[in-house]
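Here the numbering used here = 1-based position in the sequence shown + 14.
By construction, the Cβ of each residue, glycine as well, lies at the ideal position given by its N, Cα and C atoms.
Values in this document were obtained by computation on a predicted structure and should not be read as measured data.
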Amino acid sequence: MIAAKARRVPRLSVNPVLERELRQRLRGRAAWVSLTLYLVVLGLLLRLVYDVVADSQNFFGGQFQQASTAGRSIFHWLLFVMLGLICFIVPGLTASSVAGERERQTLVPLQITLLSARSIVVGKLLASLAFVVLLVLAALPFLSVSFLLGGVSLAEVLKGTAMVLAVAVAVAALSLACSSLVRRTQTATVTAYGLVGMLVVGTVVVYTAQRAFDRSVTGTTKPTVLVLNPFAATAEVVRGRTDGFNLTSPFEGIQELLESEVFLEEDGFGEFAPVPLPPGAIGPEGAIRIIEGPPGVVQQQFAEEGRRPRVWGMPFWAASLLSFAVVTGVSLAIAVRRVRVPVRGRSE
Numbered sequence: 015m016i017a018a019k020a021r022r023v024p025r026l027s028v029n030p031v032l033e034r035e036l037r038q039r040l041r042g043r044a045a046w047v048s049l050t051l052y053l054v055v056l057g058l059l060l061r062l063v064y065d066v067v068a069d070s071q072n073f074f075g076g077q078f079q080q081a082s083t084a085g086r087s088i089f090h091w092l093l094f095v096m097l098g099l100i101c102f103i104v105p106g107l108t109a110s111s112v113a114g115e116r117e118r119q120t121l122v123p124l125q126i127t128l129l130s131a132r133s134i135v136v137g138k139l140l141a142s143l144a145f146v147v148l149l150v151l152a153a154l155p156f157l158s159v160s161f162l163l164g165g166v167s168l169a170e171v172l173k174g175t176a177m178v179l180a181v182a183v184a185v186a187a188l189s190l191a192c193s194s195l196v197r198r199t200q201t202a203t204v205t206a207y208g209l210v211g212m213l214v215v216g217t218v219v220v221y222t223a224q225r226a227f228d229r230s231v232t233g234t235t236k237p238t239v240l241v242l243n244p245f246a247a248t249a250e251v252v253r254g255r256t257d258g259f260n261l262t263s264p265f266e267g268i269q270e271l272l273e274s275e276v277f278l279e280e281d282g283f284g285e286f287a288p289v290p291l292p293p294g295a296i297g298p299e300g301a302i303r304i305i306e307g308p309p310g311v312v313q314q315q316f317a318e319e320g321r322r323p324r325v326w327g328m329p330f331w332a333a334s335l336l337s338f339a340v341v342t343g344v345s346l347a348i349a350v351r352r353v354r355v356p357v358r359g360r361s362e
């Protein structure tokens with residue numbers, strides 16, 4: 015009787031598409047070789063960044079300050095490399111999901127099974143993300159090194175990792191939509207990499223052009239277009255105290271681009287002098303205080319928190335997460351529509 019009851023226990027339901035894709039991708043030698051090389055690169059990067067920071071002679075806070083700065087630099091560089099690998103790997107893994115089925119003429123048999131179009135698309139998406147999630151989880155011990163050295167809080171590590179995973183989901187969904195819209199794997203791959211390139215490089219070019227043509231005194235250009243930039247979103251979510259000591263961060267350039275305009279000019283002696291403004295003109299709220307003195311003169315006073323950009327009335331990182339969610343939803347809707355069994359009289 016007990017054995018009969020045991021046989022009635024339902025088996026854990028797993029998406030058949032996901033199960034098949036995982037067996038094909040993770041059982042081969044390429045999976046563990048790629049993971050090993052990935053961890054070796056991250057290990058070498060960690061050691062290199064630590065040696066560069068440790069050899070610097072411009073520390074004024076003692077050994078503790080040196081370790082803290084090294085930990086923060088390691089954290090930023092690891093996130094930067096992980097993000098770059100995701101933007102490079104995910105389109106290649108995902109662009110062949112649906113287009114490859116069409117080329118092999120296996121999409122029609124998959125469509126006429128009991129699986130819905132949504133299940134097929136979700137299975138393809140999760141299969142593409144499985145290896146990426148494995149890479150991110152495998153890198154957590156390296157990120158914990160930066161936490162142990164100091165200069166990085168546990169909340170920053172969690173937020174940075176969460177943003178990297180959010181970027182991976184958005185890029186995978188976008189690549190899956192490209193794969194569903196075309197019939198050839200090569201075309202889908204090129205299109206996916208082109209769109210990712212627009213997000214990474216194109217948004218920076220557009221925002222730089224907007225600031226170049228902004229002739230207003232107060233610099234009113236908002237970094238709205240940068241909410242779709244994976245590196246800008248990650249740079250903003252991990253922005254924290256820099257301690258003012260030789261912080262080596264690959265996000266420094268994009269963080270400076272996101273900062274509010276500072277209306278101070280540097281003189282020949284490396285000092286900053288106030289810049290007269292027209293009557294009624296004010297600087298960015300919170301970025302620079304205007305104190306009593308000559309009319310329309312901005313003094314050298316900063317409020318660091320006020321320089322954090324806001325888009326659509328919310329913090330920049332929140333706007334980025336919202337944008338990635340919209341991109342993911344629209345891309346998956348397109349993919350589901352394209353994977354559905356075509357109606358009579360109309361072919362894929």
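Query                                                                                                                        : Result
Burial state of residue 137 (16 or more Cβ within 10 Å)                                                                      : buried
Neighbourhood of residue 114 by C-beta distance below 6 Å, restricted to the same chain and skipping five residues each side : 199
Three or more C-beta pairs below 8 Å linking the segment 89 to 105 and the segment 332 to 339                                : no
Residues of its chain near residue 187, where Cβ-Cβ distance is below 6 Å and the 5 sequence neighbours each way are ignored : 342, 345, 346
Span separating the alpha-carbon of residue 327 from that of residue 333                                                     : 9 Å
Terminal residues of the alpha helix (DSSP H) in which residue 151 lies                                                      : 131 to 152
Cβ-based burial, residue 88 [other Cβ within 10 Å; buried from 16]                                                           : buried
Among 191, 251, 246, 263, nearest to residue 271 - alpha-carbon criterion                                                    : 246
Distance between residue 139 and residue 132 (C-alpha atoms, nearest Å)                                                      : 10 Å
Reduced DSSP category for residue 324 - H, G, I as helix; E, B as strand; rest coil                                          : strand
Span separating the alpha-carbon of residue 329 from that of residue 37                                                      : 41 Å
Residue from 152, 239, 83, 59 with nearest C-alpha to residue 45                                                             : 152
Whole-angstrom C-beta distance between residue 331 and residue 266, which should lie under 8 Å                               : That belief does not hold up - the Cβ atoms of residue 266 and residue 331 are roughly 17 Å apart, past 8 Å.
Sheet register partners of residue 329 (DSSP bridge)                                                                         : 324
Reduced DSSP secondary structure (H/G/I, E/B, other) of residue 109                                                          : coil
Test item: CB-CB of residue 56 and residue 32 under 8 Å                                                                      : no
Beta carbon of residue 127 nearer than 8 Å to that of residue 150                                                            : no
Helix, strand or coil at residue 32 according to DSSP, with G and I counted as helix                                         : helix
Of the residues 82, 221, 235, the one placed nearest residue 165, counting alpha carbons only                                : 82
Residue 103 versus residue 196 - alpha carbon distance                                                                       : 20 Å
Buried or exposed by the 16-neighbour rule on C-beta atoms within 10 Å, applied to residue 353                               : buried
Residue from 123, 49, 86, 51 whose Cα sits closest to the Cα of residue 423                                                  : Here the chain covers residues 15 to 362 and nothing more, so residue 423 does not appear.
Burial state of residue 227, where buried means 16 or more other Cβ atoms lie within 10 Å                                    : exposed
Pick from 193, 239, 209 that is closest to residue 112, judged by C-alpha positions                                          : 193
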